[in-house]
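Novice: In this note's numbering, the protein residues as written are 1354 to 2573.
Have a look at this one before I ask anything.
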């Protein structure tokens, strides 16, 4: 079984590759736009910690650091208990001084020079008065009572806490203990009983000093003496109301500001063993204060305002620098306004604040710099850092950082705190602490790159002091009811943020940042950690960890936030606030830790790269959305049947959803969660719409795909009216039709059209007489395409009606290429039974929707072509129905047919039609015909006289039959002396074999049998080719050109074939009939060949001017002799006897040659129709023109049909077959 090449070849897509390429380019450009990245590498990830942590100390409200500063003693005044804590706030020691016999209360704790020991002042309540005790305690908890219980004890440590002076207010005894708890001296001023010890002033390391009494000074000097239990007798110096005492470099000497006994006013005197000695004249003013300076080599003296000389007024207070050794004033001093405040910087420089400004004084007693005008620094509390910088807290609680530039003190930074009663605590170059609101609020002031910032630390508790822990950034904060350890954020040990998939970011204790895996936006949070020194101790407190992700670009939009309650097992709560973008983004990641005890820590990761999962990237989702829209548009076009409703509506829904959904979603912000760049989808959709429309305009194949799809289908009809597009779209149809007519001409033995005029009769409807004329093919084509007239080419076989039809088709194609608005030819399948249905089926190859095809037909864009109307299955009634319908009014028909009155009658129902009859060749036409078929030498061949006679047939006017001329020009020779021999020569010539060759005879016999079984038995010109058991032989005939494809859509393996000309099939059928009936007595087959309608409507004029082509071929083949004439006469006699009532005289008279009609008309007046037919048979047989009897037979047989001659077995069997 053979299949067509269309079935064997791979199916080729009707969508050109350029369409997919253009769509891919659109998506690629969108992807490239979404994937665009900066060439600059991202900055490294950095981490910064801020804030502080607090760890509460559960016991004690007061604290004092040990000598090394890394531990602190903690206690609560008036309560029992002493504790030792470290820098982490952990309790190292707990000590109680109470027992079952006494209830001791700790009054004060004085650290010793030994960092692991302290002196503890303890009171035990009694009935009369509290009893005081002094203990020495070390870090191991060992205690040593130093002082026996006694009332009214005063503890004064030396400058470096090397020794402790313990003064009893009862017996005025002074006892001195060293850091180890040993008593190193004792002074007993018992001779002065009754006096009051106002102050004990150890000097230096406590080995010497002064006891300030009511009216005198006692000098204590333990140096050079060995301790004994006998109390020392101190030296007494008379002095009253000592307000200031400044020791000198010389032992047992000091400057004293006091009231001298027996005098009035303050005296500035030098005291020693020899007593008080005034070394200068009485001061003009009142010395208010003495302030040591320069390590004891000098001191500042504050002098009260005095009157100016001459009574001109008063001079303000002043500061004078006085030498310790000689008591002389050094430098010019400084006049101030109001009450001055003097502070020393760590490097020994003096800063002074009065009611107006701030000053810096030099070691020479002169002013070095003063604050510039406009700085409101009057009455500021100063906290000097060096000779160049100092902190100042003004009366309005503002904080200022002062800097010295030349002789001017300027402001480097300032901050209005807005606090109430701010008290500075523990200040350094980086900031300090402010205690405000009566000690209930504590703030940390820090100096950063952006200036001063105030951070609230504690509130709601009574706080006392802030103590720095040396070597760390920590502080001890004493308060009520508890103290705290404050730690800076720099001590945060580890911060980790983990996301799903093992990705995360981590900062270790050294500040090193590590990014694990690939961080992706939208990933769930799995872990959140922030470790700091007090984390374990804060386990019982309410703790929360917060996570914030903010974009670093723009306004810092919050893109994600999370929360973790450490005290709850519920886990993490995290939510991405903003959808991922289209590319990697840098986020600022903030981990904030809050504890109910006041800890506030935050770790900020800068420049953290968060990628986007491929499917979550905006450009990927946008590309997928564009791809989905594209597939929604293309897949129905490519996969669904054209008639399917989804094929028509899905692309339109896709466009509407894309345009309306994307546009409306963008305007209303409804689709933001999809992470799709809707303007891009909108643009791609519009671009694809334009692209499809553009490709449809350029490519007919794309147009055929799109025309079944809305909304393109709505523009199809107007586009097919556009001349340039119409020419381009129908170009394939034009090529196909042109190739079809060219192949048909080639199969007709190389047919060449020779321009000959045709007889044309125009019929314009009822009441309008026919209009005869002669017209050329060009004129007929104009009438067909512009005049929209129906054309019926009707003549006998072999006259060139098919050649004229094909020429008209060619001319219409040429005119269409010049003027695309003209109609196009459409070939109708000869097997069709309805013209309108056949026309619609013929247009299916255009690839247009049925409705559009119908519209094109009804609008006159096509005309229908059918070659061989009388041989087709189209009945005259079907032709009439078409001409009366709407389509028949606009789509003309071009038909070719053998002479047939039924079809002419059907054509009369058209509003305008023309009957066209090609002329036979005259001598001039013969010359042009010969020129159209040159011989092998390129010259026109010349027919011999015998060939001319053959080509004239039985015509008496000297004209030639075109088919015979064409065959004679190609295959005629000197040995061809008859029509029969000409067809035999054509058969052999096409096979390229000798006529008498055995192979030729075999194929000739096969062809005769083939025609007998098809045309004779079934009146069919078509022969089944595909799957035929005789396909090899049929293939030989097909390849030789004897057979041609008869399919409406020709393919490499035809389904049906037919002979290249009907006359050849008629000839072979006649030979087959002769072979079958030659030996029989009766030739009744001749009556059927002449009279059966299937044969009778295929008229020819090869032998006579009328009669079926098969009968005329039989007259040639059966032999033009007496037997043939006798058989014809016998059939006419039988017909006359049997059909006297059926026949009519006019029909009989019309059947005889015109020259015999007058004589027969006279005799026929008295004869019946049967007798008239007998008479006509006799007269024609005797007539000189031998064809008269043949003409009568050929015309009477169709009239008497279905009557058949009787008396033969063949006749009886044929009648039975016909009845069946």
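All C-beta atoms, glycine included, are put in the ideal place defined by N, C-alpha and C.
With H, G and I counted as helix, E and B as strand and the rest as coil, what does DSSP make of residue 1493?
Specialist: The residue labelled residue 1493 in the question sits at position 140 within the chain shown. If DSSP states are grouped into helix, strand and coil, residue 1493 belongs with coil.
Novice: Inspect the CB distances between the region 1454 to 1462 and the region 1823 to 1838 and report whether three or more fall short of 8 Å.
Specialist: The region 1454 to 1462, when compared against the region 1823 to 1838, does not touch it at the 8 Å Cβ threshold.
Novice: Residue 2155 and residue 2249 - do their beta-carbons sit closer together than 7 Å?
Specialist: Position 896 of the chain shown, counted from the first residue, corresponds to residue 2249. Position 802 of the chain shown, counted from the first residue, corresponds to residue 2155. A contact, by the Cβ cut-off of 7 Å.
Novice: For residue 2549, count neighbouring C-beta atoms within 10 Å of its own C-beta (all shown protein chains included) and say buried if the count is 16 or more, exposed if not.
Specialist: Stepping through the chain shown from its first residue, residue 2549 is reached at position 1196. Buried is the call here.
Novice: Which value, in whole angstroms, describes the spacing of the CA atoms of residue 1956 and residue 1713?
Specialist: On the chain shown, position 603 is the one that residue 1956 refers to. On the chain shown, position 360 is the one that residue 1713 refers to. Taking the straight line joining both Cα atoms gives about 41 Å.
Novice: What span of residues does the alpha helix (DSSP H) with residue 2440 cover, start to end?
Specialist: The count along the chain shown starts at 1 and reaches residue 2440 at position 1087. Residue 2440 -> alpha helix (DSSP H) spans 2438 to 2444.
Novice: Do the region 2424 to 2437 and the region 2495 to 2506 make contact, defined as three or more Cβ pairs closer than 8 Å?
Specialist: As far as the Cβ criterion goes, the region 2424 to 2437 does not touch the region 2495 to 2506, which means the pair count is below three.
Novice: To the nearest angstrom, report how far apart residue 1879 and residue 1396 are at their CA atoms.
Specialist: Taking the first residue of the chain shown as 1, we reach residue 1879 at position 526. Taking the first residue of the chain shown as 1, we reach residue 1396 at position 43. The straight-line gap from Cα to Cα measures roughly 26 Å.
Novice: Helix, strand or coil for residue 2077? Go by DSSP, reduced to three states.
Specialist: Numbered from its first residue, the chain shown carries residue 2077 at position 724. Here residue 2077 sits in helix by DSSP.
Novice: Taking buried to mean at least 16 other C-beta atoms within 10 Å of its own C-beta, is residue 2033 buried or exposed?
Specialist: As a working mapping, residue 2033 is identified with position 680 in the chain shown. The residue in question, residue 2033, is buried, as its Cβ has 16 or more Cβ neighbours within 10 Å.
Novice: Pick from 2415, 2419 and 2381: whose alpha carbon is nearest that of residue 2407?
Specialist: The residue you call residue 2407 lines up with position 1054 of the chain shown. Here the closest residue by C-alpha is 2381.
Novice: Using only CA atoms, which one of 1936, 1914 and 1937 lies nearest to residue 1926?
Specialist: Mapped onto the chain shown, residue 1926 falls at position 573. Ranking the options by Cα distance to residue 1926, first place goes to 1914.
Novice: Suppose the cutoff is 7 Å on Cβ atoms and the five residues either side in sequence are ignored; what does the same chain contact list for residue 1854 look like?
Specialist: Here residue 1854 refers to the residue found at position 501 when the chain shown is read from its first residue. Once the five neighbours on either side are set aside, the close Cβ partners of residue 1854 are 1870 and 1876.
Novice: Please determine, among 1790, 1811 and 1786, the residue with the shortest C-alpha to C-alpha distance to residue 1800.
Specialist: Here residue 1800 corresponds to residue number 447 of the chain shown, with the count starting at 1. The residue with the shortest Cα to Cα distance from residue 1800 is 1786.
Novice: Taking the C-alpha atoms as reference points, what is the distance between residue 2175 and residue 2315?
Specialist: As a first step, residue 2175 is located in the chain shown; it is residue number 822 there, counting from the start. As a first step, residue 2315 is located in the chain shown; it is residue number 962 there, counting from the start. Approximately 31 Å, taken between the alpha carbons.
Novice: Can you list, in chain order, the residues of its chain with a C-beta nearer than 6 Å to that of residue 2237? Leave out the 5 residues immediately preceding and following it.
Specialist: For this step, residue 2237 is matched to residue 884 along the chain shown. Hits under 6 Å: 2262.
Novice: Measuring only the C-alpha atoms, how far is residue 1769 from residue 1809?
Specialist: As a first step, residue 1769 is located in the chain shown; it is residue number 416 there, counting from the start. As a first step, residue 1809 is located in the chain shown; it is residue number 456 there, counting from the start. So the two alpha carbons sit approximately 14 Å from each other.
Novice: Please classify residue 1580: does DSSP put it in a helix, a strand, or coil?
Specialist: The residue you call residue 1580 lines up with position 227 of the chain shown. Its pLDDT being 46, under 50, residue 1580 is placed unreliably by the model, and the measurement read from it follows with that caveat. Residue 1580: coil per DSSP, three-state reduction.
Novice: From the DSSP output, in three-state form, read off residue 1867 for me.
Specialist: To locate residue 1867, count along the chain shown from 1; it is residue 514. Strand at residue 1867.
Novice: If you scan the region 2205 to 2292 from start to end, which runs of the beta strand (DSSP E) of 3 or more residues do you find wholly inside it?
Specialist: For the region 2205 to 2292, whole beta strand (DSSP E) runs of length 3 or above, ordered along the chain, are 2215 to 2220, 2246 to 2250 and 2266 to 2271.
Novice: Which complete beta strand (DSSP E) runs does the region 1728 to 1791 hold, if anything under 3 residues is left out?
Specialist: As far as the region 1728 to 1791 is concerned, its whole beta strand (DSSP E) runs of at least 3 residues are 1734 to 1737, 1742 to 1746, 1751 to 1758, 1761 to 1769, 1776 to 1781 and 1784 to 1789.
Novice: Within 10 angstroms of its Cβ, does residue 2580 collect 16 or more other Cβ (buried), or is it exposed?
Specialist: Absent from the structure is residue 2580, since the part of the chain shown begins at 1354 and ends at 2573.
Novice: What's the C-alpha gap between residue 2486 and residue 2260?
Specialist: As a position in the chain shown, residue 2486 is number 1133, starting the count at 1. As a position in the chain shown, residue 2260 is number 907, starting the count at 1. Taking the straight line joining both Cα atoms gives about 37 Å.
Novice: Going by the CB atoms, is the gap between residue 1752 and residue 1746 shorter than 7 Å?
Specialist: As a first step, residue 1746 is located in the chain shown; it is residue number 393 there, counting from the start. As a first step, residue 1752 is located in the chain shown; it is residue number 399 there, counting from the start. Yes, the Cβ-Cβ distance between residue 1746 and residue 1752 is below 7 Å.
Novice: Measure from the alpha carbon of residue 1709 to the alpha carbon of each residue in 2128, 1508, 1748 and 1984, then state which is nearest.
Specialist: Working through the chain shown from its first residue, we reach residue 1709 at position 356. The candidate whose alpha carbon is nearest that of residue 1709 is 1748.
Novice: Can you list, in chain order, the residues of its chain with a C-beta nearer than 8 Å to that of residue 1399? Leave out the 5 residues immediately preceding and following it.
Specialist: The sequence position of residue 1399 within the chain shown is 46, counting from 1. If we look at residue 1399 and ignore the five residues flanking it on each side, its Cβ neighbours are 1866, 1958, 1959 and 1960.
Novice: Can you name, in chain order, every residue of its own chain whose Cβ lies under 8 Å from the Cβ of residue 1783, other than the five neighbours on each side?
Specialist: As a working note, residue 1783 is residue 430 in the chain shown. The answer, listed in chain order, is 1799 and 1800.
Novice: Quick one: Cα of residue 1693 to Cα of residue 1781, how far?
Specialist: Here residue 1693 corresponds to residue number 340 of the chain shown, with the count starting at 1. Here residue 1781 corresponds to residue number 428 of the chain shown, with the count starting at 1. When rounded, the distance between both Cα atoms is 23 Å.
Novice: Using the three-state DSSP reduction, which class does residue 1859 fall into: helix, strand or coil?
Specialist: In the chain shown, residue 1859 corresponds to position 506, counting from 1. Three-state result, residue 1859: strand.
Novice: Expressed to the nearest angstrom, what Euclidean distance is found between the alpha-carbon atoms of residue 2558 and residue 2373?
Specialist: Stepping through the chain shown from its first residue, residue 2558 is reached at position 1205. Stepping through the chain shown from its first residue, residue 2373 is reached at position 1020. Their Cα atoms are separated by approximately 24 Å.
Novice: List the whole-angstrom C-beta distance separating residue 1520 from residue 1550, where the pair is believed to meet the contact cut-off of C-beta under 8 Å.
Specialist: Position 167 of the chain shown holds residue 1520. Position 197 of the chain shown holds residue 1550. About 6 Å separates the two Cβ atoms, so the contact holds.
Novice: Thinking residue 2468 and residue 2543 are a contact (beta carbons under 8 Å), I'd like their distance in whole angstroms, please.
Specialist: In the chain shown, the residue the question calls residue 2468 occupies position 1115. In the chain shown, the residue the question calls residue 2543 occupies position 1190. Residue 2468 to residue 2543, Cβ: 6 Å. Contact.
Novice: Secondary structure at residue 2129, three-state DSSP: helix, strand or coil?
Specialist: One-based indexing of the chain shown puts residue 2129 at position 776. DSSP places residue 2129 in coil when its eight states are reduced to three.
Novice: Considering only C-alpha positions, which residue in the set 1741, 1773 and 1772 is nearest to residue 1758?
Specialist: Along the chain shown, read from residue 1 onward, the residue named residue 1758 stands at position 405. With distances taken between Cα atoms, residue 1758 lies closest to 1741.
Novice: Tell me, to the nearest whole angstrom, how far the beta carbon of residue 1489 is from that of residue 1470; I am working on the premise that it is less than 8 Å.
Specialist: By one-based count along the chain shown, residue 1489 stands at place 136. By one-based count along the chain shown, residue 1470 stands at place 117. Correct: roughly 6 Å between the Cβ atoms.
Novice: Note down, in chain order, each residue of its chain lying with its Cβ closer than 6 Å to the Cβ of residue 2029, except the 5 sequence neighbours on either side.
Specialist: Locating residue 2029 in the chain shown gives position 676, counting from the first residue. So the qualifying residues of the chain are 1974, 1975 and 1978.
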